[in-house]
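Asks: The structure under discussion is supplied below as structure tokens; questions concerning it will follow.
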Amino acid sequence: MGEQGPLAPGEAWRAVAACFFTTFALLSRHRVHLPEEHVGMRLDFADGTGARVYRETRLGSGLAKDPCTLMVDFRLRLVRGPAHALFRRESLLNTPLFVGFPGFTSKLWLAHDERGRYRGVYEWDGPRRAEHYARSLWRVLALVSVPGSIRYAIVPWLRRDDVIADPRLVEDPEPEASAWWRTAAGT
420 MGEQGPLAPG EAWRAVAACF FTTFALLSRH RVHLPEEHVG MRLDFADGTG ARVYRETRLG
480 SGLAKDPCTL MVDFRLRLVR GPAHALFRRE SLLNTPLFVG FPGFTSKLWL AHDERGRYRG
540 VYEWDGPRRA EHYARSLWRV LALVSVPGSI RYAIVPWLRR DDVIADPRLV EDPEPEASAW
600 WRTAAGT
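Residue 420 is where the sequence shown starts when you use this note's numbering, and the numbers rise one by one after that.
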């Protein structure tokens, strides 16, 4: 799916608010999990960068019926040096901004890469739902990110872990343009 810009502000903020309330219901029913099987794993990307997974968040089984992989990338403003460690600890508080969106199944949180970019690598149930989330999230990220640094990519019909394990599964007509999100062999 081709990347689009953010949703209109009203639509995006309504979606985020609905997500926020849904998340608390999910948390109260103990449906949100923080497994550690991927924590510490390094993901390398086709643009020559890489980062370690510092957290995983999963809803229920974490498996989608109509799977797609969503990659989100951004650079935070004013976060340098030791502030990265503070952001990684604080970021757990951002969970209500995504877990309650329709279609969320799991997320790998990646630490900043060599260029100061953070990535979220998700499995989502349905590409349209993933796109709605990414375009809504854009409004939240814009508050704290370097202007022009937010982007996302959706790989329909493939599970996140399969895309990570075998980058050859992704047919890519523009390998240079997608190098930031395409995982590199050997990750």
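Virtual Cβ for every residue (Gly too), placed ideally from N, Cα, C.
Would you check if the region 457-465 and the region 495-506 touch, i.e. whether three or more CB-CB distances between them fall below 8 Å?
Replies: As far as the Cβ criterion goes, the region 495-506 does not touch the region 457-465, which means the pair count is below three.
Asks: Let me confirm a value: residue 531 is counted as buried when at least 16 other C-beta atoms fall within 10 Å, else exposed. Which label applies?
Replies: buried
Asks: How many Å lie between residue 593 and residue 447 at the Cα?
Replies: 44 Å
Asks: Give me the Cβ distance between residue 490 and residue 572, rounded to the nearest whole Å; I'm assuming they're in contact under 8 Å.
Replies: 5 Å
Asks: Beta-carbon within less than 7 Å of residue 420's beta-carbon, same chain only, minus the 5 sequence neighbours each way: which residues are those?
Replies: Unreliable positioning characterises residue 420 in this predicted model, as indicated by a pLDDT of 49, which lies under 50. A coordinate reading is not provided.
Asks: Thinking C-beta only, is residue 555 closer than 7 Å to residue 434?
Replies: yes
Asks: Going by other Cβ atoms of all chains shown within 10 Å of its Cβ, with 16 needed for buried, is residue 640 buried or exposed?
Replies: Residue 640 lies beyond the stretch modelled for the chain, which goes from 420 to 606, so this question has no answer here.
Asks: Quick check on residue 533: buried or exposed, where buried means 16 or more other Cβ atoms within 10 Å of its Cβ?
Replies: exposed
Asks: Do you know how far the Cα of residue 541 is from the Cα of residue 569?
Replies: 16 Å
Asks: On a Cα-Cα basis, can you pick out the residue from 548, 475, 432 that is closest to residue 522?
Replies: 548
Asks: For residue 602, collect the residues of the same chain with a Cβ closer than 8 Å to its Cβ; drop the 5 residues on either side in sequence, then sort them by chain order.
Replies: 462, 463, 464, 465, 582, 583, 586
Asks: Use the C-beta contact count for residue 486: other C-beta atoms within 10 angstroms, 16 or more gives buried, fewer gives exposed.
Replies: Answer is buried; the Cβ neighbour count reaches 16.
Asks: For residue 431, count neighbouring Cβ atoms within 10 angstroms of its own Cβ and tell me buried if that reaches 16, exposed if not.
Replies: buried
Asks: Would DSSP call residue 452 helix, strand or coil?
Replies: strand
Asks: Quick one: which unbroken beta strand (DSSP E) runs of 3-plus residues sit fully inside the region 498-576? Chain order, please.
Replies: 523-529, 536-544, 570-575
Asks: Quick check: what's the CA-CA separation for residue 424 versus residue 479?
Replies: 30 Å
Asks: Can you tell me which of 544, 539, 535 puts its alpha carbon nearest to the alpha carbon of residue 528?
Replies: With distances taken between Cα atoms, residue 528 lies closest to 539.
Asks: Please work out which residues of its chain come closer than 6 Å, Cβ to Cβ, to residue 536, disregarding the five sequence neighbours upstream and downstream, and give them in chain order.
Replies: Same-chain partners within the cutoff: 492, 494.
Asks: Give me, in chain order, the residues of the same chain whose beta-carbon lies closer than 8 Å to that of residue 502; leave out the 5 immediate sequence neighbours on both sides.
Replies: none
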